[in-house]
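Numbering (UniProt numbering), first residue to last: 1 to 146.
Following this line, the structure appears as structure tokens:
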């Protein structure tokens with residue numbers, strides 16, 4: 001087993017052994033501010049940066065940008081559902097959050113589900129949905145820091 005860290009401000013990923021020994025660091029020239037990671041069913045890593053999802057092998061070799069996910073709007077968080085789909089959230093300051101669902105194998109495009117948080121205008125301006133987790137049984141958890 002390994003520990004994978006998104007080193008956001010150094011624009012890289014770092015791989016460690018379970019005992020904490022450094023294995024390697026890796027990146028892609030296009031990767032900017034990686035901040036979320038999910039391990040795919042086939043062992044590859046999906047990494048969310050400021051506008052896209054990148055795919056790496058289990059050993060850290062860059063594979064590609066995920067098709068259909070190269071122009072995300074202020075994405076935060078990354079998780080995987082029971083079907084192997086990746087989920088992230090796009091945020092705005094208007095009291096809405098958009099859940100983006102995409103197939104990491106590239107066979108399908110992506111879909112977006114817009115959720116109205118039911119906030120007043122002033123509360124909506126303070127809303128900061130930042131984290132997403134998939135709990136199973138089609139339950140998605142989102143944390144709003146605002």
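Just so you know, even glycine gets a beta-carbon here, dropped at the ideal spot from N, CA and C.
Fully enclosed alpha helix (DSSP H) runs of no fewer than 4 residues are not present anywhere in the region 77-108. Of the other Cβ atoms in all chains shown, 16 or more fall within 10 Å of the Cβ of residue 28; this residue is therefore buried. Closest option to residue 55, judged by alpha-carbon separation, among 99, 74 and 26: 26. Residue environment for residue 15: buried (at least 16 other C-beta atoms within 10 angstroms of its C-beta). In the same chain as residue 94, and ignoring 5 residues on each side of it, the C-beta atoms closer than 8 Å to its own belong to 124, in chain order. Spanning the alpha carbons of residue 100 and residue 12 requires a straight line of approximately 24 Å. Following the DSSP letters along the chain, one finds residue 135 inside the beta strand (DSSP E) bounded by residues 129-136. Under DSSP, residue 12 forms a beta bridge with 7.
Taking the CA atoms as reference points, residue 8 sits about 19 Å from residue 44.
With fewer than 16 neighbouring CB atoms inside 10 Å of its own CB, residue 74 falls in the exposed class.
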